[in-house]
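Q: Shown below is the structure under consideration.
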Amino acid sequence: MTQEFDLAASLVSGIEGRRGAWTFIQGFAAHWVGAALGSNDGWTQADLDAAEERLGFRLPAALREAYLLFGRRQDLTSNHDVLLGPAELYVDDAKEALVFRHENQGAASWGVLLDSLQDDDPAVFIRLDLADKSAERWEDWLERLSLCFVEIILSESLQADEELCDFLDPDGDSLELLETNSVRLPFPAYPIGEETRWFLGQDVLLRDDDGAAVLARGRTAENLDRIRDLIPGDWLNDYR
Numbered sequence: 001m002t003q004e005f006d007l008a009a010s011l012v013s014g015i016e017g018r019r020g021a022w023t024f025i026q027g028f029a030a031h032w033v034g035a036a037l038g039s040n041d042g043w044t045q046a047d048l049d050a051a052e053e054r055l056g057f058r059l060p061a062a063l064r065e066a067y068l069l070f071g072r073r074q075d076l077t078s079n080h081d082v083l084l085g086p087a088e089l090y091v092d093d094a095k096e097a098l099v100f101r102h103e104n105q106g107a108a109s110w111g112v113l114l115d116s117l118q119d120d121d122p123a124v125f126i127r128l129d130l131a132d133k134s135a136e137r138w139e140d141w142l143e144r145l146s147l148c149f150v151e152i153i154l155s156e157s158l159q160a161d162e163e164l165c166d167f168l169d170p171d172g173d174s175l176e177l178l179e180t181n182s183v184r185l186p187f188p189a190y191p192i193g194e195e196t197r198w199f200l201g202q203d204v205l206l207r208d209d210d211g212a213a214v215l216a217r218g219r220t221a222e223n224l225d226r227i228r229d230l231i232p233g234d235w236l237n238d239y240r
């Protein structure tokens, strides 16, 4: 990529469909993570074919495309939660969904319902790990698998190196300053849980988790310091 990456503009295309999603992830990896996608960053066709033979069905096109393009890049997909490799994909005990991702402490799983596997870019569902197992069920998460991968790359980028990432326990002033010093990104609403909002400051990606936490990722350490100064507070990793 020779031209500068416009995160906000690319995200608009990235949330609309598979092609835009993969283009967004390629640009984000190159310009925000600092390591462009390479030929060895994905699993091979043979890896995916072996998974399909073991599972007994074809994987959705979007899942295959994502795994082929960046499935082995744990710095993009697995800084906190875990994207399963092809050999780790499995059908849940209730035989309802193909599971492809786990929360890092096992508190949730993400999957695609078996009756939608024929779709190229099916909806993604989430199942929370509850004390009452009879209450566990697959609930709506995001409407397309490619959109889910955009969300994974954004969320996992907030959990990377402490030099580039930080966490703030905000108050009312913090949230007002967040809205003043950044622009809200057009990411679709999450259907369950509390309101999550994405923002872009000056080369800083931010996520507001319903006022309970603000997570930030700067393109550089200097970018992150700038947003700390604009939104003062008890930033977890600010050792200045």
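Its first residue numbered 1, the sequence shown is counted upward by one per residue in our numbering.
Note that the Cβ used here is the ideal one computed from N, Cα and C, for glycine as well.
Given this structure, state the Cα-to-Cα distance separating R127 from F24, to the nearest angstrom.
A: Mapped onto the sequence shown, residue 127 falls at position 127. Mapped onto the sequence shown, residue 24 falls at position 24. Near 27 angstroms, if we compare the C-alpha coordinates of F24 and R127.
Q: Helix or strand or just coil, what does DSSP make of T44?
A: Within the sequence shown, numbered from 1, the residue matching residue 44 stands at position 44. Of the three classes helix, strand and coil, the one that applies to T44 here is coil, per DSSP.
Q: Distance check for D41 and L307, CA to CA, integer angstroms please.
A: Since the first and last residues shown for the chain are 1 and 240, residue 307 lies out of range.
Q: Measure the Cβ-Cβ separation of E156 and H80 and say whether it is below 8 angstroms.
A: Translated into positions along the sequence shown, residue 156 becomes position 156. Translated into positions along the sequence shown, residue 80 becomes position 80. Yes. Within cutoff.
Q: Compute the Euclidean distance between the alpha carbons of G34 and D75, then round it to the nearest angstrom.
A: The residue labelled residue 34 in the question sits at position 34 within the sequence shown. The residue labelled residue 75 in the question sits at position 75 within the sequence shown. One C-alpha to the other measures close to 11 angstroms.
Q: Opposite S109 in the DSSP bridges: which residues?
A: Counting from 1 along the sequence shown, the entry for residue 109 is found at position 109. Partner(s): H102 and R127.
Q: For R219, which option in G201, D209 and G211 has the closest C-alpha, if you only look at C-alpha atoms?
A: Walking along the sequence shown from the start, residue 219 turns up at place 219. Comparing Cα-Cα distances from R219 to each of G201, D209 and G211, the minimum goes to G201.
Q: Note down the Cα distance separating L177 from L215, rounded to an integer number of angstroms.
A: For the purposes of this step, residue 177 is taken as residue 177 along the sequence shown, with counting starting at 1. For the purposes of this step, residue 215 is taken as residue 215 along the sequence shown, with counting starting at 1. Cα-Cα distance, rounded: 14 angstroms.
Q: Throw me the rounded Cβ distance for the T77 and I152 pair, which I believe falls under 8 angstroms.
A: In the sequence shown, the residue the question calls residue 77 occupies position 77. In the sequence shown, the residue the question calls residue 152 occupies position 152. Their Cβ separation, rounded to whole angstroms, is 6 angstroms, which keeps T77 and I152 in contact under 8 angstroms.
Q: Between D166, G172, A94 and I231, which has its C-alpha nearest R217's C-alpha?
A: By one-based count along the sequence shown, residue 217 stands at place 217. That would be D166, whose Cα lies nearest to the Cα of R217.
Q: Does DSSP put E163 in a helix, in a strand, or in coil?
A: By one-based count along the sequence shown, residue 163 stands at place 163. Residue state, collapsed to three classes: coil.
Q: Helix, strand or coil, according to DSSP, for R249 in the structure here?
A: Outside the displayed range of the chain (1 to 240) lies residue 249, so it cannot be described from this structure.
Q: Indicate whether D132 and A61 have their beta-carbon atoms separated by less than 8 angstroms.
A: Within the sequence shown, numbered from 1, the residue matching residue 132 stands at position 132. Within the sequence shown, numbered from 1, the residue matching residue 61 stands at position 61. Against a cut-off of 8 angstroms, the Cβ pair of A61 and D132 comes out as no contact.
Q: Give me whichever residues DSSP pairs with G218 in a beta bridge.
A: The residue you call residue 218 lines up with position 218 of the sequence shown. The partner list for G218 (beta bridge, DSSP) reads V204.
Q: Tell me which same chain residues have a C-beta within less than 6 angstroms of the C-beta of S170, skipping the five on either side of it?
A: On the sequence shown, residue 170 is found 170 positions in, with the first residue counted as 1. It is Pro, not Ser, that sits at residue 170 in the sequence shown. The answer, listed in chain order, is V214.
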